[in-house]
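Take a look at the structure set out below.
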Amino acid sequence: MQALHDAELENWHDFEVGSRREIVVLLRQIGEHKQLIRMKIKGEGDVCVTSVLDVDDDEGRFVLDRSIDPDQNRRILAASGLTCETYLDKIRILFSIDKVQEVEYEGGPALVADIPATLFRLQRREFYRMATPLTTPVPALLPMPLELGGGNATFPLADISCGGVALLDNRMVLNSTMGQTFTGCRIELPEIGTVTTSLQVRNALDVTMLNNKTSRRIGCMFVDISRANAAAVQRYITKLERERNARLRG
5 MQALHDAELE NWHDFEVGSR REIVVLLRQI GEHKQLIRMK IKGEGDVCVT SVLDVDDDEG
65 RFVLDRSIDP DQNRRILAAS GLTCETYLDK IRILFSIDKV QEVEYEGGPA LVADIPATLF
125 RLQRREFYRM ATPLTTPVPA LLPMPLELGG GNATFPLADI SCGGVALLDN RMVLNSTMGQ
185 TFTGCRIELP EIGTVTTSLQ VRNALDVTML NNKTSRRIGC MFVDISRANA AAVQRYITKL
245 ERERNARLRG
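For the sequence shown, the residue numbers in the numbering used here are 5 to 254.
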């Protein structure tokens with residue numbers, strides 16, 4: 005999709021969805037949440053605002069609302085290609101339509117198109133989180149205050165993003181007050197290397213683990229992370245995503 009090459013997308017993490025089942029679910033969620041869709045005729049600057057009215061997986065089609073502008077509707081029906089853009093839970097969604105046809109839906113005129121073979125989900129890089137392995141936890145070493153014995157203590161990661169990490173504090177020893185900053189933290193990323201940064205607490209939640217023990221999940225953002233360390237985090241996220249995709253493919 006040509007739109008994905010726009011310079012404005014540099015700060016977005018793009019993920020192509022090719023699963024028919026997942027695409028159907030996403031289209032239905034867009035419709036259920038009444039999310040507005042910006043539909044654009046390829047090669048033109050004119051934009052039509054529409055929405056998903058229905059998704060028919062058996063027929064392989066989905067129904068869209070018409071434009072309120074009759075002339076715009078004529079151009080849409082005559083177009084050889086359309087691009088669509090919307091948002092769902094902070095995720096930007098892009099897909100293409102080859103052709104639309106006019107159809108009657110619930111007693112009124114509407115548009116119908118084939119369910120796209122692929123779509124793209126794009127998420128702000130700082131919000132795109134990847135769960136880290138449970139069997140081989142990624143360790144984060146945090147300097148401890150003197151009242152807790154000093155030295156460094158190791159905390160496993162629960163997930164990681166370009167904006168921060170979630171720590172698991174199984175012994176509940178860390179100060180999880182929002183705004184608390186831990187300096188000189190080291191995160192050992194497998195096959196990537198050590199990332200050194202400060203971590204600032206943004207949220208904390210006590211969770212019950214599978215062994216019925218309680219742990220504290222502390223969401224932290226990177227503070228003053230260097231470009232080299234940020235690049236290392238991105239490489240590790242890409243590595244995790246490739247491994248996940250390989251597992252899904254079997």
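Glycine included, every Cβ here is placed at the ideal spot set by N, Cα and C.
Taking the alpha-carbon positions, what's the residue i to residue j distance?
i, j, result
"V28", "I45", "23 Å"
"P259", "R70", "There is no way to answer for residue 259, as the model of the chain reaches only from 5 to 254."
"V107", "E245", "40 Å"
"T200", "G35", "43 Å"
"L171", "L126", "25 Å"
"D75", "T136", "52 Å"
"S230", "N77", "50 Å"
"K217", "V177", "15 Å"
"R175", "A234", "29 Å"
"R247", "G111", "As written in the sequence, residue 247 is Glu, which differs from the Arg given in the question. Between E247 and G111, the C-alpha separation is close to 48 Å."
"R65", "I119", "5 Å"
"E48", "N179", "55 Å"
"R24", "D93", "20 Å"
"A208", "Q39", "31 Å"
"G22", "G154", "50 Å"
"E63", "M43", "22 Å"
"H37", "L152", "48 Å"
"D61", "Q33", "14 Å"
"Y132", "D228", "19 Å"
Which class does residue i belong to by DSSP, given the choice of helix, strand or coil?
i, result
"L178", "coil"
"L252", "helix"
"V227", "strand"
"N207", "strand"
"K243", "helix"
"D93", "coil"
"P141", "coil"
"D75", "helix"
"L40", "coil"
"I191", "strand"
"G197", "strand"
"E48", "coil"
"R125", "strand"
"R70", "coil"
"A7", "Confidence is the limiting factor: at A7 the pLDDT is only 44, short of 50, which leaves the residue's position unreliable, though a coordinate-based value still follows. Helix at A7."
"S55", "coil"
Below 8 Å between beta carbons: does that hold for residue i and residue j?
i, j, result
"I41", "T54", "yes"
"I241", "C189", "no"
"D163", "M182", "no"
"L31", "V59", "yes"
"L203", "F226", "yes"
"A117", "V104", "yes"
"V205", "Q184", "yes"
"V67", "L123", "no"
"V169", "I196", "no"
"Y109", "L57", "yes"
"I101", "L86", "yes"
"E89", "R79", "no"
In the DSSP output, what is residue i paired with across the bridge?
i, result
"D163", "A135 and A170"
"D118", "R65"
"L156", "In the sequence on display, residue 156 carries Asn and not Leu. DSSP lists P147 as partners of N156."
"G112", "Y109"
"L86", "I45 and I101"
"R220", "D173 and D210"
"E20", "F124"
Just checking: is the beta-carbon of residue i within a distance shorter than 8 Å of some beta-carbon in chain B?
i, result
"E36", "The displayed structure is made up of one protein chain only, and chain B is not part of it."
Touch test, the stretch 153-164 against the stretch 134-144, Cβ-Cβ under 8 Å, three pairs minimum: Flag = yes, the stretch 153-164 and the stretch 134-144 touch.
Contact the stretch 235-249 vs the stretch 217-224: 3+ CB pairs below 8 Å: The stretch 235-249 makes no contact with the stretch 217-224, as fewer than three CB pairs between them are under 8 Å.
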